[in-house]
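Novice: Once you know that position 225 of the sequence shown is 225 in our numbering, the rest is easy, because the numbers rise by one and skip nothing.
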Amino acid sequence: MTTFKGLETERIVFEDGTFEDYIKKSDLVGKTIIDNDVLKRKQEYYDNKKNYELFTDVVGGVTFMLVDTLKAFHQDVRFNDMEKARIMFLGTYVSYDDKGSYLMTNNNRYLLKKDLRGLLEISNEKEFYKFYKKMIETEILEEELLGRFEIRLKWNSKYHFKGKASKGGTGGTETVKAYDRQIQALYKEKDANGKSVNTPKNLYLLFMVLPFINVESGVLCHQQQNPVEDGCQPIELNELAKMLNYTKASTLKNKLLGCKLYGTNVFFIGEGMKNRKKYTRIFVNPYVAGRSGKMPNATLKAMFPETEKAIVQKLQEKRKK
1 MTTFKGLETE RIVFEDGTFE DYIKKSDLVG KTIIDNDVLK RKQEYYDNKK
51 NYELFTDVVG GVTFMLVDTL KAFHQDVRFN DMEKARIMFL GTYVSYDDKG
101 SYLMTNNNRY LLKKDLRGLL EISNEKEFYK FYKKMIETEI LEEELLGRFE
151 IRLKWNSKYH FKGKASKGGT GGTETVKAYD RQIQALYKEK DANGKSVNTP
201 KNLYLLFMVL PFINVESGVL CHQQQNPVED GCQPIELNEL AKMLNYTKAS
251 TLKNKLLGCK LYGTNVFFIG EGMKNRKKYT RIFVNPYVAG RSGKMPNATL
301 KAMFPETEKA IVQKLQEKRK K
């Protein structure tokens, strides 16, 4: 509580960081009177805060990635597409910086070298060790030898980190976030026949388009910080196909729509007409990845109407086991 010219005031801090001081007035019986506009903004703030907390409960933990690193990684010829997807998957297991940036399970158990092949589901032993060696040589992974059979693994925070998006002097605008539980599910999910729903190579598409997600609308675009969809220079399907070296846009479209999380879409491709010309817009599921630090807007959520329900259902199934 503060005072203004001897009058008692109270400060309300809103979600966008702004604040408003109002003078506490009382009626004849001593009941506090607050301006209706202030009351409305205060209620909106608490409603938004509650909704965002509910959203974060559903999506779970988050891992940040540097946009510049992702773009450079796309050009890195030392790894093929499948290996890049595996690296992106492993990065979701990184611990917080104050815990050493080790690879750890969701139960806070250290992932050891001997655990990695099974986690990555690489059946070929030679293939695994070749991949593992490359991660060590490129300093994505660092070994910490505690014993002959206990080798802990430290992750390079240049690729993934947990904590504040301002880590290492980077701003939130230079990072993109992925939700650990959903990325891990995309990698591990199997169909009724035990076959992977999403192959690592197909998942690579998701990871490589992350730098182009718009902070507000979730559309893939060139001006990610411009909240206006038409002004952010959206990337159309044909353009994205060229960027990712696909000869046919239809092939890319099928791969994007074939990427599934618990049977729901990871991408939404919208089509429309403007000045008698057809255009496309590509959106990323906000329950999987995004750039915003607030609740996804209602329009974006409406494009993926079944995802939240599917995630909650999976969580309930796991708790029953």
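Glycine residues also receive a C-beta, built at the ideal position from the N, C-alpha and C atoms.
Could you check whether M295 and F89 sit closer than 8 Å to each other, using their CB atoms as the reference points?
Specialist: Locating residue 89 in the sequence shown gives position 89, counting from the first residue. Locating residue 295 in the sequence shown gives position 295, counting from the first residue. Against a cut-off of 8 Å, the Cβ pair of M295 and F89 comes out as no contact.
Novice: Kindly provide the ranges of any alpha helix (DSSP H) runs that are 4 or more residues long and lie completely inside the region 123-172, ordered along the chain.
Specialist: Fully enclosed alpha helix (DSSP H) runs of 4 or longer: 125-137.
Novice: Determine the contact status of F268 and F304, defining contact as a CB-CB distance below 8 Å.
Specialist: The count along the sequence shown starts at 1 and reaches residue 268 at position 268. The count along the sequence shown starts at 1 and reaches residue 304 at position 304. In this structure, F304 lies closer than 8 Å to F268 by Cβ.
Novice: Scan the region 232-287 and note each continuous beta strand (DSSP E) run of 3 residues or more that stays entirely inside, going in chain order.
Specialist: Complete beta strand (DSSP E) runs here, min 3: 267-274 and 277-284.
Novice: Could you check whether N156 and I140 sit closer than 8 Å to each other, using their CB atoms as the reference points?
Specialist: Numbered from 1 along the sequence shown, position 140 holds the residue referred to as residue 140. Numbered from 1 along the sequence shown, position 156 holds the residue referred to as residue 156. Going by C-beta atoms, I140 is nearer than 8 Å to N156.
Novice: Report buried or exposed for E125, applying the criterion of at least 16 other Cβ atoms within 10 angstroms of its Cβ.
Specialist: The residue you call residue 125 lines up with position 125 of the sequence shown. The residue in question, E125, is exposed, as its Cβ has fewer than 16 Cβ neighbours within 10 Å.
Novice: Tell me, which residues are paired with M303 by DSSP?
Specialist: Translated into the one-based positions of the sequence shown, residue 303 becomes position 303. None, per the DSSP bridge assignment.
Novice: Do the CB positions of F149 and K114 come within less than 8 Å of each other?
Specialist: What you label residue 149 is simply residue 149 of the sequence shown in a count that begins at 1. What you label residue 114 is simply residue 114 of the sequence shown in a count that begins at 1. Their beta carbons are under 8 Å apart, which means F149 touches K114 by this criterion.
Novice: Does the Cβ-Cβ distance between K255 and L205 come in under 8 Å?
Specialist: Position 255 of the sequence shown, counting from 1, holds the residue named residue 255. Position 205 of the sequence shown, counting from 1, holds the residue named residue 205. Taking 8 Å as the Cβ cut-off, K255 and L205 qualify as a contacting pair.
Novice: Quick check on this structure: which residue in E236, M208, Y262 and V59 has the alpha carbon closest to the alpha carbon of D81?
Specialist: One-based indexing of the sequence shown puts residue 81 at position 81. Comparing Cα positions, the closest option is M208.
Novice: Given this structure, state the Cα-to-Cα distance separating N285 from G147, to the nearest angstrom.
Specialist: The count along the sequence shown starts at 1 and reaches residue 285 at position 285. The count along the sequence shown starts at 1 and reaches residue 147 at position 147. Using only the alpha carbons, I get a separation of about 43 Å.
Novice: Run through the DSSP bridge pairs and tell me what S196 is partnered with.
Specialist: Here the question's residue 196 lines up with position 196 in the sequence shown. In the DSSP output, where bridge partners are listed per residue, S196 has K190.
Novice: With hydrogens ignored, establish whether the beta-carbon of Q75 is closer than 7 Å to any heavy atom of the ligand PLP.
Specialist: No copy of the ligand PLP appears in this structure; indeed no ligand is present at all.
Novice: Check whether the Cβ atoms of K130 and E144 sit closer than 8 Å, and answer yes or no.
Specialist: Residue mapping note: residue 130 aligns to position 130 of the sequence shown, counting from 1. Residue mapping note: residue 144 aligns to position 144 of the sequence shown, counting from 1. No; because the gap between Cβ atoms is not below 8 Å, this pair is not in contact.
Novice: Measuring CB to CB, does E298 end up less than 8 Å from G263?
Specialist: As a first step, residue 298 is located in the sequence shown; it is residue number 298 there, counting from the start. As a first step, residue 263 is located in the sequence shown; it is residue number 263 there, counting from the start. For clarity, residue 298 is Ala in the given sequence; the question names Glu instead. For A298 and G263, no; Cβs fall outside 8 Å.
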